[in-house]
Structure formats: C-alpha cells, structure tokens
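Start counting the sequence shown at 17; every next residue gets the next number (my numbering). Everything below concerns the one structure shown next.
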Amino acid sequence: MKKLLLLVTFFALYNISLGQIKYTIKSNIKTAGLIKKSATGERENLTIPTILSPKSDVNIVNIINIGTSVNVNDFASNLRSLWVNSDLNTISFYHRMGGSLDINGNAGDLGYDISTDGGITWDTMIRNFYFGDLVGSNPHHGIYNPEGNDDPDNAFIVYNLSGANQQSSGFIHGVSSIGDTSYHTQNFDSSNAYGDYHPIAFTINSQGNVFIATPMFNEFEYLDSLIITKGMWNESLQNFEYSNSKIEALYEDNLSGPIDIKIAFGADGQTGYITTLGDNGMAEQIEGFKNYYPIYWKT
C-alpha cells in the first residue's frame, strides 16, 4: 500500500512540473517537403545482373565413361596419363589395359582413350603396347602433331616407359597413328650406360621434340645425376629417335634423390625448366626436421 501511494505521489508531482515548462519556438526555420523520385529516374553506377533460369541440368560436371584398367598403381606415380592438344581439339588418356572392358586382357598391355571433338565423344581401349618379352612400367604419353597439321588423324600418340626383357632393363618407346590404329611401333633400348631407367617427367614442346627427365639410379643408389632424354621425329622412319645426356644434380639423400621432378617449356619451345624438390645442402635446415626446397634448371 505504501509503495502504491509513493508511485501516485511521484506521477502527480511530475505532471505539475510539465505544466510549468515554457517552450520557445524558433522562427525562420526552413522546411523541406518530401521529394518524390521521378518515374523516369535511373540508378547510377549500379548493374543488376540478369538471373537466367537453367534450361538443362544445373550440374556443371558431366561424367563420361571412358576406358578401364586393371588397377590404378601407375596413376599414383604422378605420370603423364592425360594430354590435351588445343590446336587439334583432342584429348587422350593413357593407361594399362584390363578391367571390366577388357576382362581377359593382359595387365601388361597398354592403350589409350581419345576424343577428337574436345571430350564430347570418345574412342576407348585402343591397345598399342603388347606385353610379351618386354615388361613395361611407369608409362608416359603425349600427342605429336606434325608442323602445319590441323587434322587429328595425321597426329600420333607418343609413349615411353621403363622396361625389361629377359636379359636387361631399359627404355621402351613407340608411336601410334591416331587415324590408322593398325600402325604402331614398339622399340626397346637395352643400353644401361646410365643405370636403371625409370622416366619421371615427360613433355613435348611446341617444336615437336620429346623431353624426358629421369633420376639416375643403380638399383637403390642415387648416382648424383639426372638423365635427360631427347626425342626427335624422323619422318622417313615415322618414329622418334632418342638420345641421352646427363646433368649433375647433387642431393644430400643418396637413397631417395630428387622428388617430384617436372619438365616444361615455354610457348617458343626454346626456354625450358626442370624442377625438383630436395635437399642439395645449400638451403637452411630447420633444427629437428628434414627440409626440402624447390630446385630448378633452365635451358
């Protein structure tokens, strides 16, 4: 009851005080009316994008089934399995045979899938390396396009891999005609002057020359060098001829040597780079850790 009486008394005194306040009205104050926007007015510097309704499947990736393989072991080695030639609008994919489309096939055989219309349609499971006395691994491939040619049928699939026969290990290489799949070559170079041959990096420059970079090993010992293999097209043979050279590439770890080798050329086909990861003893090492840095060579 006392609280209620106090509240009533407070509001009564507040109303009395309001009645004694005098308000002063200022004169000469400009007034502004509401400005209505013209019906023809436009917003400046503002672009509202048009949202188009999709006329087809909204998925931006279309899955296209191509060839099959007995396993994915070669892909784990970061090999040159996929090649694109934009001048010919052609895509090729190189792999081991076998799998559901080649149930009775030999896992040692190699082949490719190819599209000459930018990936819309594909010819698949085209065998171009036949397992026999030669056993191949680590396959790389690319497309050789003769100078001035604009017809995919006149181009060639170029492949190479490390190989062995019953006597020695070596380098397997060959080509296949895209237009005439019955034409393919299979060559074996048994020279082991540069130790065991396991191609790691592969490219074809704009001049149509093949370059391969391979760490030089004798079994499990790294021999402080990279093998540089160069292939040049021989028109009369309808095949590539290869030569080897080597460059010094010192690393602290003689067991693993260089890691993740890459080779590439600029558009002119003249300037090329080889890059690796590794420890050549020249970079700062953080205590307690093994550190690897990019190392590169320029032509």
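Glycine included, every Cβ here is placed at the ideal spot set by N, Cα and C. Since we're looking at a predicted model, the values are computed, not measured.
Can Thr287 and Pro310 be called in contact, C-beta distance under 7 Å?
Within the sequence shown, residue 287 is the residue found at index 271, counting from 1. Within the sequence shown, residue 310 is the residue found at index 294, counting from 1. Cβ distance not < 7 Å, so Thr287 and Pro310 don't count as in contact.
Do the CB positions of Tyr160 and Ile142 come within less than 7 Å of each other?
The residue you call residue 160 lines up with position 144 of the sequence shown. The residue you call residue 142 lines up with position 126 of the sequence shown. Contact: no.
Relative to the alpha-carbon of Glu235, which residue among Gly186, Leu253, Ala217, Ser198 has its alpha-carbon at the smallest distance?
Locating residue 235 in the sequence shown gives position 219, where the first residue counts as 1. In this structure, Gly186 is the residue among Gly186, Leu253, Ala217, Ser198 with its C-alpha nearest to the C-alpha of Glu235.
Taking buried to mean at least 16 other C-beta atoms within 10 Å of its own C-beta, is Ile80 buried or exposed?
In the sequence shown, counting from the first residue as 1, residue 80 sits at position 64. Label assigned to Ile80: exposed.
If we ignore side chains and look at the alpha-carbon of each, how far apart do Ile279 and Phe218 end up?
As a working note, residue 279 is residue 263 in the sequence shown. As a working note, residue 218 is residue 202 in the sequence shown. If you draw a straight line from the Cα of Ile279 to the Cα of Phe218, it comes to about 6 Å.
Whole-angstrom C-beta distance between Ile277 and Trp313, which should lie under 8 Å
To locate residue 313, count along the sequence shown from 1; it is residue 297. To locate residue 277, count along the sequence shown from 1; it is residue 261. With a Cβ gap of about 11 Å, Trp313 and Ile277 do not count as contacting.
Measuring alpha carbon to alpha carbon, tell me which residue in Asn122, Gln223, His189 is nearest His214.
Residue 214 sits at position 198 when you count from the first residue of the sequence shown. Looking at the Cα atoms, His189 is the closest of the given residues.
With burial defined as no fewer than 16 other Cβ atoms inside 10 Å of the residue's Cβ, what is the status of Leu95: buried or exposed?
Residue mapping note: residue 95 aligns to position 79 of the sequence shown, counting from 1. Result: buried.
Expressed to the nearest angstrom, what Euclidean distance is found between the alpha-carbon atoms of Leu126 and Phe91?
As a position in the sequence shown, residue 126 is number 110, starting the count at 1. As a position in the sequence shown, residue 91 is number 75, starting the count at 1. Going from the Cα of Leu126 to the Cα of Phe91 covers about 13 Å.
Could you pull out every unbroken alpha helix (DSSP H) segment of at least 4 residues lying fully inside the region 150-212, listed in chain order?
Counting only runs of at least 4 residues, the region 150-212 fully encloses no alpha helix (DSSP H) element at all.
Where Asn255 falls: helix, strand or coil (DSSP)
Counted from its first residue, the sequence shown places residue 255 at position 239. Looking at Asn255 - three-state DSSP - the assignment turns out to be strand.
For Thr84 and Asp139, believed in contact at Cβ under 8 Å, the rounded distance:
On the sequence shown, position 123 is the one that residue 139 refers to. On the sequence shown, position 68 is the one that residue 84 refers to. Wrong, their Cβ atoms sit about 14 Å apart, outside the cutoff.
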